[in-house]
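J.: Below are the structure tokens for one structure; questions will follow.
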Amino acid sequence: MTENSYDNIEAAFEELAIAVENSDPKQEMLRERIIQRCLPLADHIARRFAGRGEGFDDLQQVARVGLVQAVGRYDVSRGSTFLSFAIPTIMGEVRRHFRDYTWSVRVPRRTKEIQLQIGGAVERLAQRLGRMPKAREIAAELGVDLLEVTQALVAANAYQTSSLDAYTSDDGENSPIPPAETLGGEDPDYELIEQRMAVRPHLIELGDRERDILTMRYFESKTQKQIADSLGISQMHVSRILTRTLTQLRESALAD
């Protein structure tokens with residue numbers, strides 16, 4: 001295990017929990033060590049939000065505040081991974097920053113109010129479930145209509161906009177460069193999270209059989225034959241349902 005990776009970081013939280021329980025004075029040192037190891041996570045998330053009207057330095061500060069909050073709130077005894085809790089917590093803090101300071105279009109007050117509650121609900125559910133919650137789970141947690149939650153999630157994009165091609169900074173040699181060239185590289189893991197968030201509202205619209213087949217194929221890693229045997233249908237029928245469902249989800253997400 002290296003000090004600059006997230007591998008087995010839950011072990012560090014277990015050590016911290018013991019120190020806190022025993023009022024061990026080294027607990028602050030352990031907490032600081034965890035935060036330092038996870039700073040790259042906060043910085044990466046800050047870079048993902050850059051180019052939307054806020055400077056990277058400000059976003060980095062906000063993301064790091066979110067990281068500190070995640071470290072303080074994470075309960076390792078629940079069994080979920082730290083990353084599954086920290087990512088929505090940090091992203092929620094950055095989104096709150098945009099929500100409070102950088103709305104670019106008029107958003108209904110009711111939608112803003114619900115969105116203010118979504119961040120906390122996502123944190124609680126992520127801790128409880130060990131994964132990013134679905135829109136319907138957020139709606140149930142808040143006791144509001146699913147449509148209102150979906151509208152609030154969509155409204156999260158209503159921030160100040162700034163062209164990535166605008167020359168607004170320099171490279172240290174007085175040569176203006178576009179913000180796009182200052183962004184960090186793409187991390188496929190975070191892109192997968194964004195893709196899941198884009199598809200999630202459309203998953204709710206699927207029928208029970210389509211959702212069950214997707215779950216068995218992509219979350220339980222079952223073969224088409226195993227799915228067919230489980231549902232009492234032909235493998236060819238499973239293949240057709242998968243193809244039709246994936247096409248529907250892709251077209252719906254791209255249309256959004």
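So for the sequence shown, our numbering puts the first residue at 1; every next one is plus one.
Think of the CB as a built atom: it goes at the ideal place given N, C-alpha and C, for glycine as much as any other residue.
1) Could you spell out where the alpha helix (DSSP H) holding Glu-220 opens and where it closes?
2) With DSSP collapsed to three states, give me the class of Pro-40.
3) Ordered along the chain, which non-local residues of its own chain (more than five positions away) have a Cβ less than 8 angstroms from that of Ile-34?
4) When DSSP labels each residue in this structure, what does Asp-208 get in the three-state scheme?
5) Hey, would you say Glu-123 sits closer than 8 angstroms to Arg-73, going by beta carbons?
6) Suppose the cutoff is 7 angstroms on Cβ atoms and the five residues either side in sequence are ignored; what does the same chain contact list for Val-238 look like?
7) Could you check what DSSP says for Ile-9 in three-state terms: helix, strand or coil?
8) In whole angstroms, what is the alpha-carbon distance linking Tyr-167 and Arg-48?
9) Do you know how far the Cα of Arg-209 is from the Cα of Phe-56?
10) Counting only the same chain and skipping the five closest in sequence on each side, list residues whose C-beta sits under 7 angstroms from that of Gln-69.
11) Closest to Gln-60 by C-alpha separation, out of Val-76, Leu-39, Ser-80 and Val-144, would be which residue?
12) Pull up the distance between the alpha-carbon of Gly-172 and that of Gly-120, whole angstroms please.
13) Would you say Gly-66 and Ala-50 are within 8 angstroms of each other, going by their C-beta atoms?
14) Please classify Gly-72: does DSSP put it in a helix, a strand, or coil?
15) Specify, as a first and last residue, the run of the alpha helix (DSSP H) that Thr-111 falls within.
16) Going by alpha carbons, who is nearest to Ile-45 out of Arg-64, Ser-84 and Glu-148?
17) My assumption, with CB atoms under 8 angstroms, is that Gln-127 sits in contact with Phe-85. Please give the rounded CB distance.
18) Closest to Glu-205 by CA distance: which of Leu-231, Ile-241 and Leu-249 is it?
19) Since Ile-114 and Val-154 are thought to touch, with beta carbons under 8 angstroms apart, how far apart are those beta carbons, to the nearest angstrom?
20) Rounded to whole angstroms, what's the CA-CA distance from Ser-230 to Met-216? Just pull it up for me.
21) When you compare each of Met-236, Ser-221 and His-202 to Leu-246 by their alpha carbons, which one comes out closest?
22) For Asp-170, which three-state DSSP category applies?
23) Looking at the ligand FAD, does it come within less than 7 angstroms of Leu-125, judged from the CB to the closest heavy atom?
24) Nearest-angstrom Cα distance between Arg-109 and Ala-152?
25) For the alpha helix (DSSP H) that Lys-225 lies in, which residues bound it at each end?
T.: Let me spell this out:
1) It is not in any alpha helix (DSSP H) - Glu-220 carries neither H nor E in the DSSP assignment.
2) helix
3) Ile-9, Ala-12, Phe-13, Leu-16 and Val-71
4) helix
5) yes
6) Ile-213, Gln-224, Ile-227 and Ala-228
7) helix
8) Here the model assigns Tyr-167 a pLDDT of 48, short of 50, so the residue's position is not dependable, and the following value carries that caveat. So the two alpha carbons sit approximately 19 angstroms from each other.
9) 44 angstroms
10) Thr-89 and Glu-93
11) Leu-39
12) Confidence in Gly-172 is poor, its pLDDT being 49 and thus under 50, which makes the residue's placement unreliable; the coordinate value appears in the next sentence. Approximately 40 angstroms between the Cα atoms of the pair.
13) no
14) helix
15) 109-129
16) Arg-64
17) 5 angstroms
18) Leu-249
19) That belief does not hold up - the Cβ atoms of Ile-114 and Val-154 are roughly 12 angstroms apart, past 8 angstroms.
20) 10 angstroms
21) His-202
22) Note that Asp-170 scores a pLDDT of 47, beneath 50, so its modelled location is shaky and nothing firm can be said.
23) Ligands in the displayed structure: none, and consequently the ligand FAD is not present.
24) 10 angstroms
25) 224-231
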